[in-house]
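Since the structure comes first, as structure tokens, the remarks are kept for the end.
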Amino acid sequence: MPSMITSLLGGEDTKQLNDPTIVSNMLGEAKAGATAYLTAILGATTPELRAIYSSSLTQILGGHSALTALAINKEWYKPYELAEHQLAETLQHSEKLMNLVKTDA
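Quick note on numbering: the sequence shown equals residues 584 to 688 in my numbering.
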């Protein structure tokens, strides 16, 4: 059985991480970071601390916007597609993932 590091690097004939997966994970982490900074801003006791947190939040939002634009341009995210098509595509990806899990088990 290959190690997790080998799997992540795509060695030993394993499934490789791809760009859409990496961007999706980065977007999720950016959302978590933004939530943490917003919570810190709301709890900050001094204007100076609030300004520091606000600056970091602004940077995270800029990065998130850039990643979202990249995902839309590469058509990894399709926000303007009909909801039925988005749901069908999500279902298809979920089924593919479940099949991968079954074959690896």
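All C-beta atoms in this analysis are idealised placements derived from N, C-alpha and C, irrespective of residue type, glycine included.
Whole-angstrom distance between residue j and residue i, CA atom to CA atom
{"i": "A613", "j": "L644", "result": "8 angstroms"}
{"i": "D596", "j": "E678", "result": "Its pLDDT being 48, under 50, D596 is placed unreliably in this model, and the coordinates cannot settle the point."}
{"i": "G646", "j": "T686", "result": "36 angstroms"}
{"i": "H676", "j": "T629", "result": "47 angstroms"}
{"i": "E672", "j": "E631", "result": "46 angstroms"}
{"i": "V684", "j": "L674", "result": "15 angstroms"}
{"i": "Q642", "j": "D602", "result": "22 angstroms"}
8 angstroms contact criterion, which residue i and residue j should meet: CB distance rounded
{"i": "K657", "j": "Q669", "result": "So it is not a contact: roughly 16 angstroms between Cβ atoms."}
{"i": "A617", "j": "L640", "result": "6 angstroms"}
Same chain, Cβ closer than 7 angstroms to residue i, five either side skipped, listed in chain order
{"i": "A627", "result": "R633 and Y636"}
{"i": "V606", "result": "L650, L653, A654 and W659"}
{"i": "M609", "result": "L650"}
As assigned by DSSP and simplified to three states, the class of residue i
{"i": "P630", "result": "helix"}
{"i": "E672", "result": "helix"}
{"i": "N601", "result": "coil"}
{"i": "K614", "result": "helix"}
{"i": "L650", "result": "helix"}
{"i": "K685", "result": "helix"}
{"i": "L665", "result": "coil"}
{"i": "E678", "result": "helix"}
Same chain, Cβ closer than 8 angstroms to residue i, neighbours up to 5 away in sequence not counted
{"i": "L680", "result": "none"}
{"i": "I624", "result": "R633, Y636, S637 and L640"}
Closer than 8 angstroms to chain D by CB, residue i
{"i": "K685", "result": "No chain D is part of this structure, which consists of one protein chain only."}
Nonlocal neighbours in the same chain, by C-beta distance under 6 angstroms from residue i, ignoring five residues either side
{"i": "Y620", "result": "Y636, S639 and L640"}
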